[in-house]
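Yeah, the sequence shown ends on 258 if you go by my numbering, and it's all consecutive. Below is one structure, written out as structure tokens; comments come after it.
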Amino acid sequence: MDANLSSACDNYRAYLEKILGPSAESFRQMVSANKVQLHDAFGINLFLAHAVDYIQAIRLAAGTKESRKELVRGFDSRFGVTGTRIGSRKFELIDAVNNALKHIQLDETRYRALTEQYGTISFNCLVPDDGRVLCILEGYRFDYSRVVLRPAIEALSGWHFSDLEDVLDFAHGDAIFESCPAYIGDDDDPIDQMITYCNPVCDDCAEPETNCLCATFVYDGEKGSFAPDFNHNFDFDAVMSRISGAYRIDASQVTPSK
Ligand SMILES: [Zn+2]
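Structure representation (structure tokens):
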């Protein structure tokens with residue numbers, strides 16, 4: 001790794017540790033307490049948008065030829081930004097909102113595709129609403145913190161890079177590190193696993209069904225709904241047998257061939 005590349009990796013690691021990580025943690029707490037103020041949302045939005053520049057600096061130093069626009073366009077899929085709403089375009093929107101804040105309104109000739117999708121994007125598109133911050137655009141009205149910022153924060157924060165090579169691997173994208181909490185099976189307790197399985201949260205806002213407000217929101221001109229994030233790989237029988245040996249016996253009696 002040459003000096004230029006190691007400096008770029010070091011800069012992103014410092015940015016993550018000193019700025020993005022701590023601000024993401026504060027923002028998470030505000031979101032879960034429904035105490036998000038407008039400037040908080042614009043603040044973390046800016047830090048997320050600037051992370052793209054730090055990552056691009058690494059990619060550039062490593063020899064990847066791409067424009068910032070190209071990197072932003074593929075960012076969600078490359079860095080594992082989850083959630084089906086605003087599918088694969090969350091960082092594009094984060095970048096556009098940041099640009100709108102900086103320039104009052106997005107330059108519609110430079111961002112034609114986004115303007116066609118969302119209409120005019122100005123700094124007024126984020127609106128405070130009783131401890132939440134909504135994003136209101138043509139055909140869209142939704143909880144910006146939970147639907148867009150939260151998955152972006154999850155994708156970028158929580159990493160613990162052991163060395164600069166790790167940072168470089170991350171910047172290349174498509175990486176899954178054991179050190180990232182988001183990818184560690186959090187609990188090995190089968191009862192906790194069963195509780196999680198039986199109480200899915202909304203794939204779009206990460207809220208349980210009782211708190212999910214997606215049905216009151218609008219996405220691409222259509223009313224939203226609770227989108228349970230069922231774990232389709234969950235092995236119900238295996239987890240039940242770990243909870244209770246009796247389950248295994250009962251199951252074998254019902255299906256003797258097993
Ligand atoms: Zn929801």
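The C-beta atom is built at its ideal place from N, Cα and C for all residues, glycine as well.
For residue 29, no pairing in a beta bridge is given by DSSP. For residue 9, the distance from the CB to the nearest heavy atom of ligand 1 is not below 7 angstroms. Shown here, residue 223 sits in a strand according to DSSP, grouped into three states.
Proximity of the segment 116-130 to the segment 62-77 falls short of the contact definition, fewer than three beta-carbon pairs being nearer than 8 angstroms.
Using a Cβ distance threshold of 8 angstroms, residue 171 and residue 19 do not count as a contacting pair. Residue 5 is positioned such that its CB atom lies closer than 8 angstroms to that of residue 62. If only uninterrupted alpha helix (DSSP H) runs of at least 4 residues are considered, those enclosed by the segment 124-191 are 150-156 and 164-172. Within 10 angstroms of the beta-carbon of residue 199 lie fewer than 16 other beta-carbons, which makes it exposed.
Following the DSSP letters along the chain, one finds residue 206 in no alpha helix (DSSP H), marked with neither H nor E.
Rounded to whole angstroms, the gap between the alpha carbons of residue 90 and residue 74 is 10 angstroms. Residue 151 sits buried, since 16 or more C-beta atoms from the chains shown fall within 10 Å of its C-beta.
Below 8 angstroms, enough C-beta pairs join the segment 186-195 and the segment 237-245 to call them touching: three or more. Around residue 21, the same chain offers 157 as residues with beta carbons nearer than 7 angstroms, after the five sequence neighbours per side are excluded. Between ligand 1 and the CB of residue 47, the shortest heavy atom gap is not smaller than 7 angstroms. Assigned with DSSP and collapsed to three states, residue 122 falls in strand. If you draw a straight line from the Cα of residue 227 to the Cα of residue 217, it is about 13 angstroms long. With respect to the 8 angstroms criterion, residue 95 and residue 72 are classified as neighbours on the basis of their beta carbons. If you draw a straight line from the Cα of residue 7 to the Cα of residue 49, it is about 20 angstroms long.
For residue 95, the uninterrupted alpha helix (DSSP H) run begins and ends at 90-103, by DSSP. A Cβ closer than 5 angstroms to some heavy atom of ligand 1 marks a residue here, and those residues are 202, 204, 205, 212 and 214.
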